[in-house]
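Colleague: The numbering of the sequence shown is the working numbering, which starts it at 1 and goes up by one.
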Amino acid sequence: MDLSLPNPSWSKDMRLLFDQFMKKSEDGSWKHLPSYKNKFSRRIEDIKVFFPDAKLIKEKISQAQLFPRNFEEGLGFEYAMFHNHAEDRTVCIFQGGPYLQGAPGFLHGGAIATMIDSTLGMTALIAGGIVMTANLNINFKRPIPLCSVVVINSQVDKVEGRKLFLSCNIRSVDEQTLYSEATSKNLCLFWVWFSLSYISLGFVFGV
Ligand SMILES: CCCCCCCCCCCCCC(=O)SCCNC(=O)CCNC(=O)[C@H](O)C(C)(C)COP(=O)(O)OP(=O)(O)OC[C@H]1O[C@@H](n2cnc3c(N)ncnc32)[C@H](O)[C@@H]1OP(=O)(O)O
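1) Leaving out five residues on either side along the sequence, give the residues of the same chain with a beta carbon under 8 Å from the beta carbon of P68.
2) So for A124, helix, strand or coil by DSSP?
3) Please list the segments of the beta strand (DSSP E) lying wholly inside the segment 70 to 156, counting only runs of 3 or more residues, in order along the chain.
4) CB T123 to CB L166, shorter than 7 Å?
5) Per DSSP, F18 forms a beta bridge with which residues?
6) Mind checking who E181 pairs with in its DSSP beta bridge?
7) What is the DSSP secondary structure of V192, reduced to helix, strand or coil?
8) Expressed to the nearest angstrom, what Euclidean distance is found between the alpha-carbon atoms of L3 and V159?
9) In this structure, what does DSSP give as the bridge partners for L33?
10) Work out the CA separation of A111 and L146 for me, nearest whole Å.
11) Measuring only from the beta carbon, is G121 closer than 6 Å to any heavy atom that is part of ligand 1?
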């Protein structure tokens, strides 16, 4: 089941943003990225080829879930991602639920980092195939109020061989408040670029 579609826990802002991006997607310039609890395309499963330690997962495969997708509706990470191929950027609309609290009334820094890593990772994945985050630097500028809606804007800044350099920022819905900024270096695990297949993969791939 695609968990990146509106559900009763979404606030008005979340629904409005979703509808705005779905409208933008009508001409094909933007694409909604579906998101599943534990469904990965075959190519993503290939990642185990690079990391034999993954055998542990084999035994636990039935329990394996995408981390941000294993909270009950509305209590954890409510989010939807949209990708703009021409601009090589991904936007994530995100509403962090009450189980993500750090300081009282605000999102935990690790929850913010999770959504930054997921959005940058997805951007890198679509641009360069199966990737792993090698380095992630985050500046937390302002605390994000719990249960508020924010917009994560991420893009590929530079590609050097297997290395993808990305950046993103997190802003309020009215874009007036800059909450966080981040940069990351992601390593493509395949030597040969499959960007075309990964563009399609990115669209069929759950985040
Ligand atoms: C991905 C699919 C996920 C599916 C879910 C989708 C959901 C959405 C997406 C969610 C996505 C979530 C994504 C996640 O959460 S991924 C989970 C978090 N990340 C990891 O666990 C990665 C662990 N690290 C590794 O596996 C290896 O170190 C990797 C694979 C990253 C590189 O090891 P590899 O043996 O391949 O490469 P190399 O060591 O020869 O280095 C090659 C070059 O890179 C440079 N370099 C290396 N490290 C760093 C560094 N730290 N800072 C700066 N530079 C670094 C290095 O200097 C060299 O440069 P040069 O000397 O060539 O110039």
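Note that CB positions come from ideal geometry on N, CA and C, so glycine has one too.
Modeller: According to the structure shown:
1) In the sequence shown, residue 68 corresponds to position 68, counting from 1. Excluding sequence neighbours, P68 sits near G76, F77, Y79, T114, M115 and S118.
2) The count along the sequence shown starts at 1 and reaches residue 124 at position 124. In the structure shown, A124 sits in a helix (DSSP, three-state: H, G or I).
3) 77 to 84, 89 to 96 and 131 to 140
4) Locating residue 123 in the sequence shown gives position 123, counting from the first residue. Locating residue 166 in the sequence shown gives position 166, counting from the first residue. Closer than 7 Å, so yes.
5) Numbered from 1 along the sequence shown, position 18 holds the residue referred to as residue 18. BP columns for F18 are empty, so no partner.
6) In the sequence shown, counting from the first residue as 1, residue 181 sits at position 181. Answer by DSSP bridge pairing, in chain order: N139 and N169.
7) Locating residue 192 in the sequence shown gives position 192, where the first residue counts as 1. Note on V192: pLDDT 44, under 50, position unreliable in the model; the coordinate value appears next. In the three-state reduction of the DSSP assignment, V192 falls in the coil class, being assigned neither a helical nor a strand state.
8) For this step, residue 3 is matched to residue 3 along the sequence shown. For this step, residue 159 is matched to residue 159 along the sequence shown. So the alpha carbons of these two residues sit roughly 31 Å apart.
9) Walking along the sequence shown from the start, residue 33 turns up at place 33. Partner(s): M81.
10) The residue you call residue 146 lines up with position 146 of the sequence shown. The residue you call residue 111 lines up with position 111 of the sequence shown. Spanning the two alpha carbons is a distance of roughly 11 Å.
11) For the purposes of this step, residue 121 is taken as the residue at position 121 of the sequence shown. Flag set: Cβ of G121 near ligand 1.
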